[in-house]
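Have a look at the structure below before the remarks.
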Amino acid sequence: MQQKYTQRTISCEAEYEENRIKSFSSSDTNVSSYRIYDNGEARIQYQTGIVPDAEGFRLASLKPGRPWPFEPVAFTGSRDLTEEEMPDALLLDEAEALIKALTERYPQFIFSGGLERVTVERRWTGENGLDLFCRDTAVWAGIGFKHVDSRDIHDGWFSLPQRTWSRQAALDMAEDYLGRYNRPCELPEEVIIQGDLDFSELLAGSLNAESLGLGVSLLSDKIGSQAFSPLVTAVSDFTGRENYMNPFWDGEGFADEGFRRTFIDKGVVLYGAADRKTAQKYGVPHTNGANHSYADLPTPGRLRLSFDSSGKTVKELLAGRLSVIPLMSSGGGYNEKGDYAMPVQNALLSDGEKVLGRLPAFTISGNMFDFYGKDFIGSPCDKPITRLRTPLIRVHAKPME
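For the sequence shown, my numbering begins at 125 and goes up steadily by one.
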């Protein structure tokens with residue numbers, strides 16, 4: 125039985141360097157995966173560029189067979205999230221207008237980054253009736269900035285993806301980040317992180333069913349128990365609302381109903397992310413958790429973790445407190461026990477709706493079980509300033525000496 129998986133990526137980018145457009149480029153690339161399943165084996169040919177299907181499958185037939193005891197799926201489905209097709213010439217005009225506006229409004233900064241439009245098309249077809257298709261197009265404004273008086277190479281970054289481009293939306297975000305940048309503030313006694321720093325990487329990794337089955341996950345003894353705050357409902361979400369460029373199916377062709385699945389329900393860990401092989405090996409639920417590989421068999425671990433909204437805004441969750449938005453953080457992370465430490469070299473102070481000023485350097489610390497336990501403030505229903513709907517999390521903090 126034959127299957128073909130293709131991905132076409134069409135991109136156009138204007139790159140900034142020191143307040144001007146450094147380069148302008150476009151590309152249109154194709155990659156394919158030709159697969160032959162027969163007698164419990166899979167033969168795979170990874171192909172760049174476009175070749176006739178007959179040649180692709182001929183090359184696949186020459187590859188060594190790899191054990192694959194599962195029946196290929198035969199699902200069908202289609203999704204196109206594209207809202208606007210911006211021509212290359214218009215993207216260049218918008219890139220020029222954006223950098224001109226930024227340098228005029230904020231002459232104390234040196235800007236880098238760029239403006240990029242990307243379209244990704246994926247199609248997966250098979251002789252057994254499999255026919256999956258998805259397409260998405262977005263324009264990213266990714267802006268790095270450095271204050272002219274700074275001794276650092278880089279002082280921060282903000283990024284805004286849009287399916288329908290608005291230059292004003294990008295300038296509004298720039299004002300949120302840079303409008304009060306020069307106003308010094310003191311680190312609050314209670315430090316609550318708002319966006320721009322992702323604490324969920326270890327949590328997502330701990331939900332890998334293979335790690336859980338081997339007993340090496342921090343959650344290996346937590347399945348079915350109340351491990352986190354009742355405010356925490358963690359889901360794998362491929363609905364498309366804030367899911368740019370990702371297919372709605374997993375590496376074996378499965379898709380969750382509604383394109384989402386709950387892994388932690390009100391603090392209770394339900395199960396880990398498992399593909400068919402892992403589910404069979406450890407006797408755990410199959411959660412459509414396979415990563416796709418063009419050149420290899422599917423691997424376990426697909427999980428795009430996000431947190432269900434509390435129904436409250438950032439301002440409401442803070443309830444009069446202040447939040448901290450990290451701009452530059454590096455040199456830290458989690459250890460194997462779930463303890464976390466990170467130097468924050470640059471950050472902003474916010475009341476939840478607007479930026480109040482800039483903070484001196486500090487370090488933060490904590491533990492994963494506290495971040496999603498007693499220190500979990502909630503996941504907001506809005507996303508001001510950072511444009512990220514990430515949870516508010518309390519951390520230990522102290523000024524950097």
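Virtual Cβ for every residue (Gly too), placed ideally from N, Cα, C. Here the structure is a predicted model, which is why all the values come from computation and not from measurement.
Contacts around residue i, its chain only, beta-carbon distance under 6 Å, and the 5 residues preceding and following it disregarded
i	result
ILE347	VAL393
ARG203	CYS258 and PHE372
GLN350	GLY391 and VAL392
GLN286	VAL263
TYR305	ARG482
MET452	GLY280, GLN469 and ASN470
Sheet register partners of residue i (DSSP bridge)
i	result
PRO308	ARG482
ASN154	ARG132
ILE160	GLN126 and ARG167
TYR140	ILE145 and GLY237
SER489	ALA465 and HIS520
PHE500	ILE517
VAL244	THR133 and ASP260
GLN350	VAL392
SER360	ARG385 and LEU429
GLY173	Answer is none; GLY173 lacks a bridge partner.
THR227	None, per the DSSP bridge assignment.
GLY250	GLN127
Distance, residue j Cα to residue i Cα
i	j	result
ILE509	THR363	23 Å
PHE352	CYS136	43 Å
LEU516	THR288	28 Å
LEU186	ARG167	8 Å
PHE323	PHE181	43 Å
GLY462	VAL272	38 Å
MET297	TYR170	41 Å
ASN470	GLY173	43 Å
SER151	GLU141	21 Å
GLY407	LEU215	51 Å
ASP300	ARG229	13 Å
GLY303	LYS478	10 Å
MET466	ASP279	16 Å
Proximity below 7 Å, CB of residue i to CB of residue j
i	j	result
TYR161	ALA184	no
MET210	ARG241	yes
THR200	ASP255	yes
ALA328	ALA398	no
LEU483	CYS309	yes
PRO450	GLY391	no
HIS481	LYS439	This sequence places Gly at residue 481; His is not what is there. No, Cβ-Cβ distance for GLY481 and LYS439 is not below 7 Å.
PHE235	ASN367	no
PHE378	ASN412	yes
GLY502	SER434	yes
LEU226	ALA265	no
ARG448	ILE317	According to the sequence as given, residue 448 is Val; it is not Arg. Contact: yes.
LEU326	TYR458	yes
ALA198	GLY164	no
TRP281	GLY268	yes
THR243	ILE145	no
SER147	THR130	no
8 Å Cβ shell around residue i - same chain, five flanking residues per side excluded
i	result
THR423	GLY375, ASP399, ALA414, ASN415 and SER417
GLU251	MET125, GLN126 and GLN127
LEU343	SER330, LEU331, LEU336, ALA351, VAL393 and GLY396
LEU222	LEU239, ALA265, ARG291, ALA294 and LEU295
TRP192	TYR161, GLY164, GLU165, ALA166 and LEU421
Same chain, Cβ closer than 7 Å to residue i, five either side skipped, listed in chain order
i	result
PHE486	LEU311, VAL468, ALA521, LYS522, PRO523 and MET524
SER149	GLU137
THR386	THR357, VAL359 and LEU394
Those runs of the beta strand (DSSP E) which lie wholly inside the segment 388-467 and span at least 3 residues:
DSSP assignment within the segment 388-467 yields the following whole beta strand (DSSP E) runs of 3 residues or more, N-terminal first: 429-431 and 447-453.
Sequence ranges, beta strand (DSSP E) only - wholly within the segment 254-331, length at least 3
Entirely contained in the segment 254-331, the beta strand (DSSP E) runs reaching 3 residues are, in chain order, 255-271, 280-286 and 315-318.
3-residue-minimum beta strand (DSSP E) runs that sit fully inside the segment 185-217, ordered along the chain
200-204, all fully within the segment 185-217.
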